[in-house]
Structures are given as C-alpha cells and as structure tokens.
Amino acid sequence: MSEIRRGRPRRAGVEEGVLKAAAEVLLARGYGGLSPDEVAERAGVAKTTLYRRWPTKDHLALAVVNRLQDDDEITDTGDIRRDLPDYLEKIAAGLNRMRAAGRAPGDDDPSAGTVAELVAAAARHPDIGELERLMYARRNTLARSLLERARDRGELRPDVDVEALFDQLAGALYYRVLITGSPVDRAYAERLADTALRGAASKNG
C-alpha cells in the first residue's frame with residue numbers, strides 16, 4: 010500500500026521556518042538588513058519558494074510583523090482598568106520591538122525604524138496596504154470588543170463611542186512611536202488608559 014502524501018503540513022512547516030529565519034534577521038539587522046536571499050538560505054528553502062509566497066522584502070517583513078503580533082493575546086478579566094493597560098502595553102511592546110530592530114543596545118535613534126518602513130511599503134504596494142489593514146483589523150476588532158463588553162458591564166457610559174475611544178488610544182500609541190520617536194512603557198500605557206477612561210467611565214465605574 011502506497012504512503013499517502015501530505016503536502017499541507019510540509020508547506021506549513023516551510024512557512025514557519027521562513028518566518029522564523031526572517032524574524033531573526035529583521036530583529037538583528039533591521040529592515041535595511043533584511044535579505045530574502047539570506048532568509049531562504051537560513052531556512053533551507055529554495056529562493057523561488059520564498060519569492061512565490063513573498064514577492065518582495067516588504068511582503069516578507071509584513072508577514073514577520075504579523076507573526077510576531079499573533080503571539081500576543083488580548084485578555085478580558087472583567088476589569089477594564091486592568092485589561093486596557095495590558096492591551097496597550099502589548100501593542101506598545103510590538104511597536105518598540107520593531108522600532109528597535111537592527112539597532113545596537115543603547116542606540117537612541119529617534120526614528121520609527123521598521124514601523125515607518127511598513128507604512129511606506131503600503132504606499133509602494135497597494136496589496137501590502139490591504140494586508141496591513143487586514144492584519145490590524147483582527148486585533149482592532151478584539152480591542153473594540155473589550156471596550157464594548159466593559160460598556161455592557163456598566164464600567165463605561167452607555168453612550169460611549171467605542172470606535173472613537175479606540176482611535177484615541179491607538180492614535181496616541183502610533184503618534185508617540187512614529188512621530189516623537191519615544192518608546193512606550195507600562196507607565197505610559199497606564200497613564201494613557203487612565204486618561205481615556207476618565208472621560209468614558211460611568212459614574213459607577
């Protein structure tokens with residue numbers, strides 16, 4: 010009896026290996042040092058295999074960032090004043106990690122690094138812009154659900170615009186990293202959450 014060939018697990022394994030190798034290169038050398046050819050060699054796959062799945066360095070970098078972000082989960086303990094800073098800190102950690110990619114310890118370069126490169130990539134490749142929107146859509150939906158459940162529990166005012174509240178929080182994080190070049194730590198995440206929730210909290214919250 011002939012052995013059944015299973016192509017899907019093998020392809021999944023190849024993709025995992027490529028993204029792992031790409032993440033190592035990206036975090037060590039930054040966006041400018043990310044070489045798809047080197048990634049293919051590290052992962053032990055043919056260059057044609059890599060380029061078939063990720064046609065440009067921009068596509069590969071975005072896939073790496075998506076993979077790194079998928080490692081983080083949004084928790085809902087039922088206390089928005091605890092959960093929201095946790096969420097913001099996780100988002101900030103990803104932004105800080107991409108901002109610092111390829112830099113030597115202690116490098117105080119204020120540029121946004123890989124974060125800014127991916128924003129620029131969306132302008133170069135319309136499909137990357139769509140992929141970025143899809144990548145963030147999942148996390149954004151989860152975050153909005155977190156705020157909606159807090160509103161349903163009475164922690165937030167019933168008339169709170171959850172979408173506007175989320176935009177306020179996300180915008181502050183990206184402004185701090187992309188424009189001011191400042192890292193985001195736990196203390197800032199807590200201040201940001203507290204400031205936003207003061208205006209949105211119910212009298213009983």
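10 is the number of the first residue of the sequence shown in our numbering; add one for each residue after it.
By construction, the Cβ of each residue, glycine as well, lies at the ideal position given by its N, Cα and C atoms.
Item: Limits of the alpha helix (DSSP H) - the one that P45 falls within; Value: P45 to A52
Item: Range covered by the alpha helix (DSSP H) that runs through D203; Value: R195 to A209
Item: The segment 86 to 97 / the segment 50 to 60 touching (three or more Cβ pairs under 8 Å); Value: no
Item: Pairwise C-alpha distance: L182 and R76; Value: 20 Å
Item: Straight-line gap, A132 to E24 (C-alpha atoms, nearest Å); Value: 26 Å
Item: Residue nearest to G103 in terms of C-alpha spacing, selected from L206, S154, A32 and G208; Value: A32
Item: Nearest-angstrom Cα separation, counted from S191 out to P119; Value: Model confidence at P119 stands at a pLDDT of 49, short of 50, so the residue's coordinates are unreliable; what they give is reported in the following sentence. If you take the alpha carbons of P119 and S191, they lie about 7 Å apart.
Item: Burial state of D136, where buried means 16 or more other Cβ atoms lie within 10 Å; Value: exposed
Item: From T57, L97 and V34, residue whose alpha carbon lies closest to that of A70; Value: V34
Item: Euclidean distance between Cα positions of T150 and D85; Value: 14 Å
Item: Unbroken alpha helix (DSSP H) run spanning A55, endpoints; Value: Careful: A55 lies outside any alpha helix (DSSP H) and carries neither H nor E.
Item: Boundaries (first-last residue) of the alpha helix (DSSP H) holding D176; Value: V171 to Y183
Item: Own chain partners of R185 with C-beta closer than 7 Å, once the 5 adjacent residues on each side are dropped; Value: S191 and V193
Item: Nonlocal neighbours in the same chain, by C-beta distance under 7 Å from A72, ignoring five residues either side; Value: L28 and W63
Item: Nearest neighbour of R200, chosen from L127, D176, G163 and L97 [CA to CA]; Value: L97
Item: 8 Å Cβ cutoff met for R142 and E172; Value: no
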